[in-house]
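In the numbering used here, the protein residues as written are -11 to 324.
Cβ atoms here follow ideal geometry from the backbone N, Cα and C, with glycine treated the same way.
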């Protein structure tokens, strides 16, 4: 019995040590990169950024639950839809754009993993047309742009969103255990979803990581993208633009640059691959595409820190404001 207890302690003690460290790190981890990589990023960094946010939110997040034509009081004829880059709330590009334009903007929440399908469904089901939407900003993160463009269902109709499961207690327990085992796995260096790179210059206002880039490994998806996929994506983007044009709506296709792509010129190591997969999408006649990579790279080049957040895959309020200015200029050029 004594030997059994000693052997058990050999496994139990390290487990509880890991659990103790995990609880400390988990409580002091911020940002999706911090959570995915179990990296300690202090709350002070987030608080520093939050001090500069706008004080009110003019973005109206809308989940469409009926098949009636979209109609929201006090909102403009500018609608947006996208992935997580379009769901940043107070410091999202829509809020800065709304303040620049002087009216509220509708952000439609997607019902499909591919928000491009949701956009098509809104058109096909006659939920939006030029009577309630004159400018439609369709945003997509760079690393998923080609895949999502090649995977559009042009015949899709709008489907009412399913009811969200309210049973959260058991889910939270499972998540907590999963996070603990992920923490142990990552501490042994196995299957880390976060990549780390050294930078030539200070790019972040962080005491320990001012010259370090943390990015999601999905940013490297471009290494598996074929020329056939790019050609199909271009073809579908033209068809997508046509769908909106036929309804009298001007489509602006906004590509949210990957964090890796923006900081690639400033990394130590010239042998690192360069992503050019979405560059060709900007040269399609009559299709209004804004690829944010060049403008954000220019900001970093000029010494602007925290264009993206050190602890997150998403850009900061600084990039949101810059993207909003670019969109405002584009909308003005369209005579809106």
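Apart from the five residues on each side of it in sequence, which residues of its chain come closer than 7 Å, Cβ to Cβ, to residue i?
i: residue 73; result: 127, 129, 244 and 302
i: residue 225; result: 137, 241, 269, 272 and 275
i: residue 324; result: 122 and 123
i: residue 194; result: 33 and 298
i: residue 332; result: Beyond the ends of the chain as shown, which are -11 and 324, falls residue 332; an answer cannot be given.
i: residue 87; result: 42 and 46
i: residue 91; result: 64
Pull up the DSSP beta-bridge partners for residue i, would you.
i: residue 246; result: In the DSSP output, where bridge partners are listed per residue, residue 246 has none listed.
i: residue 251; result: BP columns for residue 251 are empty, so no partner.
i: residue 185; result: 201
i: residue 277; result: 241
i: residue 95; result: 49 and 68
Apart from the five residues on each side of it in sequence, which residues of its chain come closer than 6 Å, Cβ to Cβ, to residue i?
i: residue 20; result: 300 and 301
i: residue 197; result: 298
i: residue 284; result: 245, 250, 295 and 307
i: residue 190; result: 198 and 199
i: residue 100; result: 106
i: residue 322; result: 238
i: residue 258; result: none
i: residue 82; result: 47, 68, 93 and 95
Pick from the options: whose alpha carbon is nearest that of residue i?
i: residue 25; options: 255, 223, 67 and 202; result: 202
i: residue 22; options: 316, 314, 324 and 297; result: 297
i: residue 266; options: 102, 233 and 213; result: 213
i: residue 60; options: 49, 132 and 70; result: 49
i: residue 247; options: 304, 193 and 235; result: 304
i: residue 184; options: 131, 194, 205 and 228; result: 205
i: residue 40; options: 80, 75 and 69; result: 80
i: residue 131; options: 281, 186 and 194; result: 281
i: residue 29; options: 192, 143 and 115; result: 192
i: residue 326; options: 69, 37, 147 and 182; result: This structure does not reach residue 326, given that the chain is present from -11 up to 324, and the question cannot be answered.
i: residue 208; options: 83, 147 and 182; result: 182
i: residue 147; options: 180, 110 and 117; result: 110
i: residue 233; options: 220, 310, 117 and 309; result: 117
Less than 8 Å between C-beta atoms, sequence neighbours within five positions excluded: which residues of the same chain meet that for residue i?
i: residue 211; result: 261
i: residue 119; result: 57
i: residue 252; result: 260, 262 and 263
i: residue 188; result: 199, 254, 255 and 256
i: residue 314; result: 278, 280 and 283
Is it true that the CB of residue j sits closer than 8 Å to the CB of residue i?
i: residue 238; j: residue 272; result: no
i: residue 123; j: residue 278; result: no
i: residue 353; j: residue 218; result: Lying outside -11 to 324, the shown extent of the chain, residue 353 is not represented and no answer is given.
i: residue 125; j: residue 66; result: yes
i: residue 97; j: residue 316; result: no
i: residue 105; j: residue 140; result: yes
i: residue 85; j: residue 312; result: yes
i: residue 231; j: residue 52; result: no
i: residue 145; j: residue 112; result: yes
i: residue 336; j: residue 142; result: No information on residue 336 is available, as it lies outside the stretch -11 to 324 that the chain covers here.
i: residue 36; j: residue 115; result: no
i: residue 63; j: residue 94; result: yes
Quick one: is the Cβ of residue i within less than 7 Å of any heavy atom of the ligand NAP?
i: residue 117; result: Of the ligands one can find in the structure shown there are none, so the ligand NAP has no counterpart to examine.
Legend entry - Entirely enclosed beta strand (DSSP E) segments - the segment 101 to 153, minimum 3 residues: 123 to 129
Legend entry - Within the segment 15 to 79, ranges of the beta strand (DSSP E) (whole runs, at least 3 residues): 47 to 50 and 63 to 69
Inset, instruction - Any chance you could list the alpha helix (DSSP H) runs of at least 4 consecutive residues sitting entirely within the segment 258 to 306, in chain order? - result: 281 to 289
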